[in-house]
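**Q** Sharing a structure with you now.
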Amino acid sequence: MTVGETGRGMLELTRPVNVIAASVLTFIGAFVAGGVGEEPMAVVTAVAATGLAVGAGNAINDYFDREIDRINQPERAIPRGAVSPRGALVFSVVLFAGAVALALTLPARAIAIAAINLLALIAYTEIFKGLPGLGNTLVAYLVGSTFLFGAAAVGEIGPAVVLFVLAGTATLTREIIKDVEDIEGDREEGLNTLPIAIGERRALVVAAVLLVLAVVASPVPFLRGEFGIAYLLVVVPADAVMLAAAYESFEDPTVGQSRLKYGMFLASLAFIVGRAALDVSLTV
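Each residue of the sequence shown is one higher than the last, beginning at 1 in the working numbering.
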């Protein structure tokens, strides 16, 4: 392998799209908390720390999953030989170190969230990933907590709590659908994921019920008067996309979980629109 191929392999290990997405979620958490203009350096630091931590988590996940990936994802960097297992492990440690160094400059609550999340990332790959529902729940927490981390970085965590709950529930739905998609390789590796434990269709039903609960809860910020009609106008289409994706997953889990991701991002956009509209109304 050439240096260029190895470099591309390491970049792939981080899942750049996921890194960017998580970083954006942290920014949204800070924005919803109203701290982007007041604490810009803290926001930048939190966003960068999130990106490094997610990249590290993805790299170490590929290290531990290298045998499963030979079946489920043979084109990934380690199975195809672009990066050695040892190289992936060292790379993840370097990224984790960078994330810790940045997080330590933030307020105490942000440091606490970062510490919990870093431990959770490692525990997921080593302990929880193959346990029915528990690994999915931990991933859902990690995704939702990016909003809390961004809010905590600017000192105001309250406004992001609802966003954390909604994002976590939607992510849990997507993780269950992904387990249905990966059931062949997981069974071969001896994992006991939710679809293996209770059956594929029952797992999809659980995922759909969870998503319906999230959709039902999504108008809460509007009903509580935290955001106005602008929020509702964006969150309703997001709900429709996510419900359609959950329905589609019964026929094609791959397509369903992919489209669910787009619905989740649209739902995040609803919080941005809601906060921006609130800021405009306060200045008028």
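Backbone N, C-alpha and C define an ideal beta-carbon position, used for all residues, glycine too.
Helix, strand or coil for Phe91 per DSSP?
**A** It is helical.
**Q** Might you give, ordered along the chain, the residues of its own chain that have their beta carbon closer than 7 Å to the beta carbon of Thr50, omitting 5 neighbours on each side?
**A** Around Thr50: Ala22, Ser23, Thr26, Thr146 and Phe149.
**Q** Ignore the nearest five residues each way along the sequence and tell me which others in Ala245's own chain have a CB closer than 7 Å to its CB.
**A** So the list reads Gly256, Arg259, Leu260 and Gly263, once near-sequence residues are dropped.
**Q** Is it the case that the Cβ atoms of Ile272 and Phe31 are separated by a distance below 9 Å?
**A** Closer than 9 Å, so yes.
**Q** In this structure, how does DSSP classify Asn192 when only helix, strand and coil are distinguished?
**A** If DSSP states are grouped into helix, strand and coil, Asn192 belongs with coil.
**Q** Under the assumption that Leu106 contacts Ala46 (Cβ atoms under 8 Å), give the Cβ distance between them as a whole number of angstroms.
**A** About 6 Å; that satisfies the 8 Å criterion.
**Q** For Thr146, verify whether its CB is less than 8 Å away from any heavy atom of the ligand GDP.
**A** Only the bare structure without any ligand can be found here, which leaves the ligand GDP out of the picture.
**Q** If you draw a straight line from the alpha carbon of Arg275 to that of Met10, how long is it in whole angstroms?
**A** Distance between the alpha carbons of Arg275 and Met10 is about 37 Å.
**Q** Using the C-alpha atoms, what's the distance from Gly225 back to Leu232?
**A** Each residue's alpha carbon lies about 11 Å from the other.
**Q** State buried or exposed for Val235, treating a residue as buried only when at least 16 other CB atoms are found within 10 Å of its CB.
**A** Flag for Val235 reads buried.
**Q** If you compare alpha carbons, which of Leu104, Ala140, Thr6 and Asn18 is closest to Ala42?
**A** Checked all of Leu104, Ala140, Thr6 and Asn18; the closest Cα to Ala42 is Leu104.
**Q** Measuring only the C-alpha atoms, how far is Ser249 from Met242?
**A** If I take the Cα positions, the gap works out to 11 Å.
**Q** Sort Pro16, Gly185 and Thr173 by Cα distance to Leu211 and report the nearest one.
**A** Nearest of Pro16, Gly185 and Thr173 to Leu211, Cα basis: Thr173.
**Q** Please state if the CB of Val154 and the CB of Ala33 are separated by a distance shorter than 9 Å.
**A** Yes, the Cβ-Cβ distance between Ala33 and Val154 is below 9 Å.
**Q** If you drop the 5 nearest sequence neighbours on each side, which residues of the same chain put their C-beta closer than 6 Å to that of Ala170?
**A** Contacts found: Ala214 and Met264.
**Q** Hey, quick one: how far does the alpha helix (DSSP H) through Val212 stretch, first residue to last?
**A** Note, Val212: alpha helix (DSSP H), Glu200 to Ala217.
**Q** On the three-pair Cβ rule with 8 Å, is the stretch 53-64 touching the stretch 177-187?
**A** Contact fails: fewer than three Cβ-Cβ distances are below 8 Å.
**Q** Measuring only the C-alpha atoms, how far is Gly35 from Glu181?
**A** Roughly 39 Å separates the two Cα atoms.
**Q** Between the alpha carbons of Glu39 and Ala152, how many angstroms are there, rounded?
**A** Those two C-alpha atoms are separated by around 11 Å.
**Q** Suppose you measure from the CA of Phe222 to the CA of Asp239; what does that come to, to the nearest Å?
**A** In a straight line, the C-alpha of Phe222 is about 14 Å away from that of Asp239.
**Q** To the nearest angstrom, how far is it from the Cα of Arg202 to the Cα of Ala208?
**A** Roughly 10 Å separates the two Cα atoms.
**Q** Can you list, in chain order, the residues of its chain whose CB lies under 8 Å from that of Gly228, leaving out five sequence neighbours each side?
**A** Excluding residues within five positions, the ones whose Cβ falls inside 8 Å are Phe222, Gly274, Ala277, Leu278 and Ser281.
**Q** Quick check: the Cα distance between Ala82 and Leu13, rounded to an integer number of angstroms?
**A** For Ala82 and Leu13, the distance between alpha carbons rounds to 10 Å.
**Q** Taking buried to mean at least 16 other C-beta atoms within 10 Å of its own C-beta, is Ile157 buried or exposed?
**A** Burial call: buried.
**Q** Would you report the Cα separation of Leu269 and Thr2, rounded to the nearest angstrom?
**A** Near 41 Å, if we compare the C-alpha coordinates of Thr2 and Leu269.
**Q** Going by the beta-carbon positions, is the gap between Val139 and Tyr124 smaller than 9 Å?
**A** Yes. Within cutoff.
**Q** Extract the residue ranges of the alpha helix (DSSP H) inside the stretch 118-195, only unbroken runs of 4 or more that lie entirely within it.
**A** If we require 4 residues or more, the alpha helix (DSSP H) runs fully inside the stretch 118-195 come out as 134-153, 161-181 and 183-189.
**Q** Please name the residue in Pro253, Gly190, Arg109 and Gly135 whose C-alpha comes closest to that of Leu121.
**A** The option with the nearest alpha carbon to Leu121 is Gly135.
**Q** According to DSSP, is Gly37 part of a helix, a strand, or is it coil?
**A** In this structure, Gly37 counts as coil in the three-state DSSP scheme.
**Q** Pull up the distance between the alpha-carbon of Ile196 and that of Asn72, whole angstroms please.
**A** Each residue's alpha carbon lies about 15 Å from the other.
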